[in-house]
Amino acid sequence: MRTPGDFSSDLDALNGDHSNVFGPELGEFPQSEQRAEPNQDEQMKTGTTTVGLKTQEGVVLATDMRASMGYMVSSKDVQKVEQIHPTAALTIAGSVSAAQSLIRSLKAETSLYETRRGQDMSMQALSTLVSNFLRSGAFYIVSPIVGGVDDEGPHVYSMDALGGMSEEDYTVTGSGSQYALGVLEQEYSDDLTIEEAKNVAARAIQSAVERDLASGNGINVAVVTDEGVDISRHKDFAEVL
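When you line the sequence shown up against my numbering, it's residues 64 to 304, in that order.
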């Protein structure tokens, strides 16, 4: 009679040979960290600095435009902010492929919600939807900012890669966060106009670009109001400042 010990082996466990069929079906994957290591540097990431600010008139989201692969700049023209709702947008920081998949799923869900209920999803519901997607584990390498406007006014939500969510007046994500946050701490106030908020957001991104190797190559700016989402792309910060 075979016992679980009969299936043990000195073979490399990462190869999957002679796996323990008596092991639990649910639980962590053995050697999961080692399995991920070989491709870590080859995966395309946005690197990124993204910021979100709430004003009385709406929301301003801004990001840089660089994608990196290890120590190489893989793209100089990446749009890291996308409209996912008639009056909401999302910034991305993390894996490009995971972010693209998340955005497609969110667009489909918000469109389906509108079709079934005849009204747009609220920002609370939208942020919860994003959080649930992240918590599911399918998009664990994405850390977004959600900004939008609904009947209750403007909202900015900060998300971590595990689905943690908090509503903020302003927030940052990405590898250049510490540089951008310093600017926001000094210059943000709750009475900013949209134009003033765009200027503050651009200075925050510019500060990160000057110090963070994974951020650069221009700026994307999204202005979200109750009338919709307007996204602009600028290679030169002088166009925004």
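Think of the CB as a built atom: it goes at the ideal place given N, C-alpha and C, for glycine as much as any other residue.
- The alpha helix (DSSP H) runs of length 4 or more contained entirely in the segment 250-294 are, from start to end of the chain, 257-274.
- Excluding its 5 nearest sequence neighbours in each direction, V205 has C-beta neighbours in its own chain below 8 Å: I155, A156, G157, S158, A161, A162, L165, L197 and A224, listed in chain order.
- DSSP places A243 in the helix class (H, G or I) of the three-state scheme.
- Across the set S168, D213, A201 and S221, the C-alpha of S168 shows the shortest separation from the C-alpha of I147.
- Boundaries of the alpha helix (DSSP H) harbouring T191: M186 to R198, taken from the DSSP string.
- Taking 8 Å as the cut-off, the Cβ atoms of S295 and V284 count as close.
- Between A152 and V263, the beta carbon gap of about 18 Å keeps them out of contact (Cβ cut-off 8 Å).
- Under the DSSP assignment, T178 falls in the alpha helix (DSSP H) whose first and last residues are V159 to R180.
- At a cut-off of 3 residues, the continuous stretches assigned as beta strand (DSSP E) that sit fully inside the segment 195-235 are 208-213, 216-222 and 228-230.
- For a cut-off of 8 Å, the C-beta gap from T112 to S221 is around 14 Å, too long to register as a contact.
- Rounded to whole angstroms, the Cβ separation of V219 and E231 is 5 Å, and the two are in contact under 8 Å.
- Beta bridge pairing from DSSP links R296 with N283.
- Taking every protein chain shown into account, the CB of S194 has 16 or more other CB atoms within 10 angstroms, so this residue is buried.
- Pairing T118 with D254, the inter-Cα distance amounts to about 7 Å.
- Boundaries for Q119: no beta strand (DSSP E) harbours it, and the DSSP string shows neither H nor E there.
- Straight-line spacing of the CA atoms in V286 and T150 works out to 10 Å.
- When the alpha-carbon of A201 is set against those of G226, S174, E215 and S137, the nearest one is in G226.
- Looking from the CA of Y134, the closest CA among L304, I282, K298 and S278 belongs to S278.
- Between M186 and D214, the alpha-carbon positions lie close to 9 Å from each other.
- The C-alpha of L276 is placed about 13 Å away from the C-alpha of S137.
- Following the DSSP letters along the chain, one finds E145 inside the beta strand (DSSP E) bounded by residues V144 to H148.
- Per DSSP, T111 lies in no beta strand (DSSP E) and is assigned neither H nor E.
- Put simply, the backbone Cα of V212 is about 9 Å away from that of E120.
- In this structure, the straight-line span from the alpha carbon of V123 to that of K261 is close to 6 Å.
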